[in-house]
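What follows is a single structure, written as structure tokens, with notes after it.
Residue numbers (the numbering used here), protein chains in the order written: chain A, 1 to 296; chain B, 1001 to 1296.
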């Protein structure tokens, strides 16, 4: 039984030297053994970027959009550009190592490496995911929490790294604990000037008048790879799609809301700030069927 | 020659189970070998806290204030409380392992551990520090950069973890790269509503009219352990000290500014937003002598 697998890249970027003694582009290693230096900037400063990629029936989904976003996040952090071919090869090898399963997931991590060493660290972790069917059908209770930043910081203050998927996710974890304290399961962030942003590990998608929307890009939020797939799904069904700057009060007027992400897929919001929301079981199931079986 | 040392705690908190097979409270391990799991939340989410402690002539300085701040940061992140006695013992053992040197440093890290495991990870890393005498005498060129948060987020939005020393420090590193792009060496953060906060790894201390000041506490910034020592230094010399909420323009009117931190000690600001500042060499040297030789 191989339910987890780990590959360490010997040369995560062609712009930086390889690690000593490396011949192959990556090595499959024991995921239960220590593999990282305690001096790695991933562990001491959250100084790196990551992606989480779903694997449906052995195929990584939206792999190229994820690899492109990975490279964009790296560029935002002034990290050496990932060698996309080496990463893709490592990802496919990790997937092939896992036992066959309907749903698995991959995490790619690129860190600045050991301080002063000048070589980034890269690894690919794969695992067979548990059953998300309950959250996909019953949905989540959501509270709105302040993200602290104005909606325009990505433009005014790029050093805040808003919009990059960094390893510095302590806040994204802390808000889930705050949600639990408030009797909720998940969070939608609002900017300090009152606009809907994203979830801590998801994109907000909502339906109003038969059209599918998501908050606009350039708000210091991640460009959603899963949201992109859902927009394709909607357009194939003749629905229009769009981007909107909106407030939490306006979002409350939506017909349906979902939190969408790579591994959990589309989780319908069944409670928003304490008020029940309808869950369209049929449409949500169609979304999740599409996401689970997409080949892209 | 032992210029670095590493100890892994077997039970970083009495509120969580020990790691398997642990008998001693900590183990000295090879700092050049991998010691961390790639699944540790330190490395994947920056989900933990740290302290950096200076060691002068073999004595950790301000050790108890650092351990108290470590515990406060852990509490802010809902981490299990560090077992302060075990951490102190590990710190002293790491210090004793290092070659004798006038200046060394210790980093303590407490992370939430491997996801789902329920046991935090803790380590103590020690190293002999390089020569900081140049930055302590010549000083640093500083630019002011937006921190993105209002000055009151610590009170309004505690889930943003402002004021805790977390491992999610990617922004604190990014601003130093932005400073370099602007021809500067270091940064002073300003809140989104216009108040002076702190440096990315330092506290702002300034002198005006013969009194020593620092921005007030409760601004979502770290309580400075080194700043605390410097206030004692100033008071022993008959100077008054105080806390002030002030703007970057008001700070520019100070007679002197320093960025103070555990390892670098007091670095005088010789250029502030492109304008030269005077550096009081004698007073700065007295500050640094005090910090280097303090026994507390």
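Every residue gets a Cβ at the ideal spot worked out from N, C-alpha and C, and that includes glycine.
Go to residue i, then tell me how far its alpha helix (DSSP H) extends in each direction, as first and last residue.
i	result
residue 44 of chain A	41–45
residue 1103 of chain B	Note, residue 1103 of chain B: premise wrong, no alpha helix (DSSP H); beta strand (DSSP E) at 1103–1111.
residue 1373 of chain B	Only positions 1001 to 1296 of chain B appear in this structure, which leaves residue 1373 of chain B out of reach.
residue 180 of chain A	170–181
residue 31 of chain A	Premise fails: residue 31 of chain A is in no alpha helix (DSSP H) and is neither H nor E.
residue 1201 of chain B	Here residue 1201 of chain B belongs to no alpha helix (DSSP H), and DSSP marks it neither H nor E.
residue 228 of chain A	225–236
residue 1076 of chain B	1063–1076
residue 1121 of chain B	Run containing residue 1121 of chain B: none in the alpha helix (DSSP H); it sits in the beta strand (DSSP E), 1121–1128.
residue 1287 of chain B	1281–1293
Hey, could you find the ends of the beta strand (DSSP E) residue i is sitting in?
i	result
residue 1095 of chain B	Where residue 1095 of chain B is concerned, there is no enclosing beta strand (DSSP E), although the alpha helix (DSSP H) it sits in stretches over 1084–1097.
residue 141 of chain A	140–146
residue 186 of chain A	186–190
residue 4 of chain A	4–9
residue 1051 of chain B	1048–1056
residue 214 of chain A	211–215
Is it the case that the Cβ atoms of residue i and residue j are separated by a distance below 9 Å?
i	j	result
residue 104 of chain A	residue 73 of chain A	no
residue 221 of chain A	residue 259 of chain A	no
residue 112 of chain A	residue 42 of chain A	yes
residue 1292 of chain B	residue 1102 of chain B	yes
residue 94 of chain A	residue 7 of chain A	yes
residue 261 of chain A	residue 1031 of chain B	no
residue 67 of chain A	residue 48 of chain A	no
residue 1009 of chain B	residue 1124 of chain B	yes
residue 60 of chain A	residue 140 of chain A	no
residue 154 of chain A	residue 145 of chain A	no
residue 1122 of chain B	residue 1012 of chain B	yes
residue 98 of chain A	residue 2 of chain A	yes
residue 1164 of chain B	residue 1149 of chain B	no
residue 1214 of chain B	residue 1233 of chain B	no
residue 1107 of chain B	residue 1044 of chain B	no
residue 1137 of chain B	residue 1281 of chain B	yes
residue 255 of chain A	residue 278 of chain A	yes
residue 227 of chain A	residue 205 of chain A	yes
residue 126 of chain A	residue 5 of chain A	yes
residue 58 of chain A	residue 100 of chain A	yes
residue 120 of chain A	residue 80 of chain A	yes
residue 1257 of chain B	residue 1243 of chain B	no
residue 1069 of chain B	residue 1223 of chain B	yes
Between residue i and residue j, how many whole angstroms is the CB-CB distance? I'm expecting something under 8 Å.
i	j	result
residue 1151 of chain B	residue 1195 of chain B	4 Å
residue 167 of chain A	residue 1046 of chain B	5 Å
residue 245 of chain A	residue 216 of chain A	5 Å
residue 1062 of chain B	residue 1229 of chain B	6 Å
residue 82 of chain A	residue 39 of chain A	Not quite, the Cβ-Cβ distance comes to about 21 Å (not below 8 Å), so this is no contact.
residue 199 of chain A	residue 186 of chain A	6 Å
residue 1211 of chain B	residue 1241 of chain B	7 Å
Can you list, in chain order, the residues of the segment 1256–1279 of chain B whose Cβ is nearer than 7 Å to any Cβ on chain A? Within the segment 1256–1279 of chain B, no residue qualifies.
Return the residues of the segment 117–149 of chain A that lie within a Cβ-Cβ distance of less than 7 Å from chain B, sorted by chain order. Per Cβ criterion, the list reads 123, 125, 145, 146, 148 and 149.
Within the segment 1244–1275 of chain B, note down every full alpha helix (DSSP H) run reaching 4 residues or more, in order along the chain. With a minimum length of 4 residues, the unbroken runs of alpha helix (DSSP H) contained wholly in the segment 1244–1275 of chain B fall at 1248–1251.
Give the residues from the segment 1168–1196 of chain B that approach chain A closer than 8 Å (Cβ to any Cβ), ordered along the chain. Per Cβ criterion, the list reads 1168, 1169, 1170, 1171, 1172, 1173, 1174, 1175, 1177, 1178 and 1192.
What residues in the segment 1020–1046 of chain B have a beta carbon less than 9 Å from any beta carbon of chain A? The segment 1020–1046 of chain B vs chain A, Cβ under 9 Å: 1029, 1031, 1032, 1033, 1034, 1035, 1036, 1037, 1038, 1039, 1040, 1041, 1042, 1043, 1044, 1045 and 1046.
Of the residues that make up the segment 1095–1112 of chain B, which ones have a beta carbon closer than 9 Å to any beta carbon in chain A? Using a CB distance below 9 Å, the part of the segment 1095–1112 of chain B facing chain A consists of 1107, 1109, 1111 and 1112, ordered along the chain.
Chain-ordered residues of the segment 148–167 of chain A with a beta carbon less than 9 Å from chain B: The residues in question are 148, 149, 150, 153, 156, 157, 158, 159, 160, 161, 162, 164, 166 and 167.
Please name the residues in the segment 74–88 of chain A whose beta-carbon is closer than 7 Å to at least one beta-carbon of chain B, in chain order. 77 and 78: these are the residues of the segment 74–88 of chain A whose beta carbon lies less than 7 Å from some beta carbon of chain B, given in chain order.
To be precise: take each residue of the segment 1218–1251 of chain B, compare its Cβ to all Cβ atoms of chain A, and keep it if any distance is under 7 Å. Which residues remain? Answer in chain order: no residues at all.
Mind checking the segment 1001–1012 of chain B against chain A and listing, in chain order, the residues whose C-beta falls within less than 9 Å of any C-beta there? Only those residues of the segment 1001–1012 of chain B whose C-beta falls short of 9 Å from the nearest C-beta of chain A are listed: 1004, 1006 and 1008.
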